[in-house]
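Heads up: the sequence shown is residues 2 to 300, going by our numbering.
Note that beta-carbon positions come from the ideal geometry of N, C-alpha and C, so glycine has one too.
See below for the structure under consideration.
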Amino acid sequence: MIRVSHATRTSPYEPTRLFISIATSAALALGAIALPTTSSWADTGGDGDQTTAGHEIAAALEHVEGSLVGDFAPSEIEDGLDDESAQVGVRVEVSNDATEGVQISTGNFVLGIDLPHADAADTGEGLPNGGVAYPSTMDSANAVIPVDGGAQLLTVISNDAAPERFDYGLTMPPENRLEETADGGAQIVDSTGKAVVIFEPAWARDSSGRSVPTHYSVQGNVLTQTVAHKSLSSISYPIVADPLPVVVIVITAAAAIVVAAAALGVATWIVISWWNTCRAQGKYPELSTRNGFTARCVR
């Protein structure tokens with residue numbers, strides 16, 4: 002079995018708290034992409050079944066503007082590092098079997114994510130950008146791209162016959178729970194109510210850049226992204242719904258400074274500066290990759 006694994010290499014220390022934002026759009030990110038409507042997407046006749054092929058998924062991702070689709074982050078560890086110095090900050094495991102979903106782990110926290118409509122998916126195929134695409138017999142398909150700090154989970158919508166609801170079943174430690182947030186996102190909180198995983202608010206655009214109505218809903222441990230594409234006129238497929246993952250680290254120990262800098266991809270001196278500033282106020286620095294890089298002092 003082929004398994005793509007991404008690891009963020011860190012120092013021998015781990016941050017006290019690490020929040021992995023998953024957003025679909027569903028980086029984590031959950032996403033939806035509608036494929037271009039061309040002659041190759043015409044009805045196939047016969048029983049009317051259509052297959053969303055791997056090369057079509059790749060083509061859809063290539064047409065996403067800007068940096069909406071993240072760069073693949075390989076899991077290679079440099080030679081010469083011992084086990085202690087190569088401890089994992091965030092690890093993403095992606096199987097070539099869609100029914101096995103995606104697993105994200107950091108420290109003792111492990112999150113399993115089921116892909117929508119995985120039972121209709123074929124064996125995963127490698128994408129040029131390093132991700133994995135799952136061809137499907139449905140009018141929608143999945144793609145997963147491990148990126149720094151998490152993963153993008155993209156849904157490819159081929160036409161208006163594709164469903165609008167995409168369920169992501171989550172497996173998490175029993176003391177954690179999934180809940181919606183006031184800003185339209187969702188989060189997983191621990192037994193004390195602290196967020197350990199953050200899902201950015203859902204968004205979606207068609208291939209012309211037009212916004213497509215989308216939102217999250219929560220039912221137990223299932224996060225559902227609804228992409229309301231059927232009711233729109235002049236929709237231009239593909240539709241992409243997928244914010245990049247957000248890493249949020251609250252540093253409560255000086256030993257975590259180096260690992261925080263590595264996980265966030267910023268210079269160590271920046272983290273040290275925020276540590277000194279916040280500790281002078283009797284607070285701790287909260288650092289995030291949201292909107293590039295943001296920081297603030299929290300209790």
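| Query | Result |
| --- | --- |
| Sheet register partners of alanine 187 (DSSP bridge) | Glu181 and Phe200 |
| Threonine 172 classed as buried or exposed, judged by whether at least 16 other C-beta atoms fall within 10 angstroms | exposed |
| Beta carbon of proline 147 nearer than 8 angstroms to that of valine 93 | yes |
| Identity of the residue in Asp168, Val133, Met139 and Arg166 nearest glutamine 153 by Cα | Val133 |
| Three-state class that DSSP yields for threonine 107 in the structure shown | strand |
| Asparagine 277 in three-state terms, based on DSSP | helix |
| Where glycine 283 falls, given that 16 or more other Cβ within 10 Å makes a residue buried | exposed |
| Extent of the continuous beta strand (DSSP E) to which serine 192 belongs | Per DSSP, serine 192 belongs to no beta strand (DSSP E) and is neither H nor E. |
| Which listed residue (Leu155, Ser106 and Asn177) has its alpha carbon closest to that of alanine 99 | Leu155 |
| Where glutamine 220 falls, given that 16 or more other Cβ within 10 Å makes a residue buried | exposed |
| Cross-strand partners of asparagine 143 (DSSP beta bridge) | Tyr135 and Thr156 |
| For valine 157, the nearest candidate out of Pro239, Gln226 and Thr295 (CA to CA) | Pro239 |
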